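Trainee: Under the numbering used here, the first residue of the sequence shown carries the number 713, and numbering increases by one thereafter. Let me give you the structure first, and then I'll get to my questions.
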Amino acid sequence: LWGRGLAVAPDWVRPMLAKLPRELGSELHRWLAEGLEAFEAWLRSGFFPTLSALLGGAMEVVVGAFLFLYLLWDGEQELAAALRLAPDALRPTLVWAGEALERAFLGYFRGQVVVAASMGVMVGLGLFLFGLPMPGAVGFLVAVFELIPFLGVLLGMVFTGLAALGKGLGAALLALLVFVVAGEFEGHVLAPLILARTTRLHPVSVLLAIFLGADLGGFLGALLAVPTAAFLKHALLHFWLQRS
713 LWGRGLAVAP DWVRPMLAKL PRELGSELHR WLAEGLEAFE AWLRSGFFPT
763 LSALLGGAME VVVGAFLFLY LLWDGEQELA AALRLAPDAL RPTLVWAGEA
813 LERAFLGYFR GQVVVAASMG VMVGLGLFLF GLPMPGAVGF LVAVFELIPF
863 LGVLLGMVFT GLAALGKGLG AALLALLVFV VAGEFEGHVL APLILARTTR
913 LHPVSVLLAI FLGADLGGFL GALLAVPTAA FLKHALLHFW LQRS
């Protein structure tokens, strides 16, 4: 086909057309070489560090969730074992510390359940008001996902967008907007107020504890920050009242 085109082309055009495939081939080869070099550089500098960070974050999520649930459900047995080994003089203090720690973690867990339910209601109501599909089912699953620390937010967002995608890309984007607005309100207003009530901390203290815990200990620090702050507050008040 290219040869036939050259045969019918004017004489003054033929030299340029004859060189065109060779020039295009060398240009394409150069583009491919540059693309492969850029891809190799990205693999070295971006892909593997990103993959390592994601795997490390996933491990933190699993370990943190296991530790949190273990402290909730098996804390009394661990306290009883520690009391059997402790000197008699320390046992009253250890009993009080165990009970205070249990109250702090249970208060935080109750608050998280209320926050998750509120997030589900807000997302479901927003989807219903905009006429998007399955608002009740999506809201319920968002509430369930919210109970999974940190990873649940991503799962809830993905599911919310996918549930509305059947009505088109615009509906999916609108559903994601509903989720983001509800999440911002939940994270910056609702969660601090609810957790402050269930852990007896000031809302500002809740936010500061989460930010400080995340800065010092990453995921685990953020997960344990609020119950730890609640326990420390109770401990300081307890020992202050004992001294006075």
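The beta carbon of each residue, even a glycine, is placed where N, CA and C say it ideally should be. Nothing here was measured: the structure is a model prediction, and the numbers come from that model.
Please name the residue in Arg803, Gly851, Leu905 and Phe821 whose C-alpha comes closest to that of alanine 887.
Mentor: Ranking the options by Cα distance to alanine 887, first place goes to Gly851.
Trainee: Distance, Cα to Cα, threonine 910 vs glycine 925?
Mentor: Each residue's alpha carbon lies about 19 Å from the other.
Trainee: Can you give me the C-alpha to C-alpha distance between leucine 718 and leucine 874, rounded to a whole angstrom?
Mentor: Annotation note: pLDDT 49 at leucine 718 (below 50); position unreliable, no value reported.
Trainee: Going by alpha carbons, who is nearest to glycine 819 out of His946, Gly895, Arg955 and Pro939?
Mentor: The candidate whose alpha carbon is nearest that of glycine 819 is Pro939.
Trainee: Out of curiosity, what's the CA-to-CA distance linking leucine 953 and phenylalanine 943?
Mentor: C-alpha separation (whole angstroms): 15 Å.
Trainee: Quick check on leucine 844: does DSSP put it in helix, strand or coil?
Mentor: If DSSP states are grouped into helix, strand and coil, leucine 844 belongs with coil.
Trainee: Would you grab the beta carbon distance between glutamate 858 and glycine 843 for me? Rounded to a whole angstrom, and I think it's under 8 Å.
Mentor: With a Cβ gap of about 24 Å, glutamate 858 and glycine 843 do not count as contacting.
Trainee: DSSP state of isoleucine 860, grouped into three classes?
Mentor: In this structure, isoleucine 860 counts as coil in the three-state DSSP scheme.
Trainee: Does the Cβ-Cβ distance between valine 892 and glycine 838 come in under 8 Å?
Mentor: No, the pair does not count as a contact, with Cβ atoms beyond the cut-off.
Trainee: Here's a check: name, in chain order, each residue in its chain whose Cβ is nearer than 7 Å to the Cβ of histidine 914, leaving out the five neighbours to either side.
Mentor: These residues qualify, in order along the chain: Ala908.
Trainee: Can you list, in chain order, the residues of its chain with a C-beta nearer than 8 Å to that of alanine 849? Leave out the 5 residues immediately preceding and following it.
Mentor: Ala875.
Trainee: Answer with buried or exposed for valine 870, where buried requires no fewer than 16 other C-beta atoms within 10 angstroms of its C-beta.
Mentor: Flag for valine 870 reads exposed.
Trainee: Just verifying my parser: in three-state terms, what is the DSSP assignment at histidine 914?
Mentor: Here histidine 914 sits in coil by DSSP.
Trainee: In terms of residue numbering, what span does the alpha helix (DSSP H) encompassing glycine 895 cover?
Mentor: Taken as a continuous stretch (DSSP letters only), the alpha helix (DSSP H) holding glycine 895 covers 881-897.
Trainee: Should glutamine 789 be labelled buried (16 or more other beta-carbon atoms within 10 Å of its own) or exposed?
Mentor: Per the 10 Å Cβ criterion, exposed.
Trainee: Among Gly933, His946, Leu919 and Gly880, which has the Cα closest to the Cα of glycine 899?
Mentor: Ranking Gly933, His946, Leu919 and Gly880 by Cα distance to glycine 899 puts Leu919 first.
Trainee: So within the region 809-841, which uninterrupted beta strand (DSSP E) runs reach at least 3 residues, ignoring any that extend past its ends?
Mentor: Complete beta strand (DSSP E) runs here, min 3: none at all.
Trainee: Going straight from the alpha carbon of proline 804 to that of valine 833, what length do you get?
Mentor: So the alpha carbons of these two residues sit roughly 44 Å apart.
Trainee: Please report the distance separating the alpha-carbon of alanine 855 from that of leucine 797.
Mentor: Distance between the alpha carbons of alanine 855 and leucine 797 is about 42 Å.
Trainee: Hey, out of Leu813, Ala828 and Ala903, whose CA is closest to glycine 864's CA?
Mentor: Glycine 864 has its Cα closest to that of Ala828, out of Leu813, Ala828 and Ala903.
Trainee: At the level of alpha carbons, what is the spacing between leucine 802 and histidine 946?
Mentor: Answer to the nearest angstrom: the Cα atoms are 18 Å apart.
Trainee: Buried or exposed: where does leucine 936 fall if 16 or more other Cβ atoms within 10 Å of its Cβ makes it buried?
Mentor: Buried, by the Cβ-count rule.
Trainee: Helix, strand or coil for proline 799, going by three-state DSSP, please let me know.
Mentor: Of the three classes helix, strand and coil, the one that applies to proline 799 here is coil, per DSSP.
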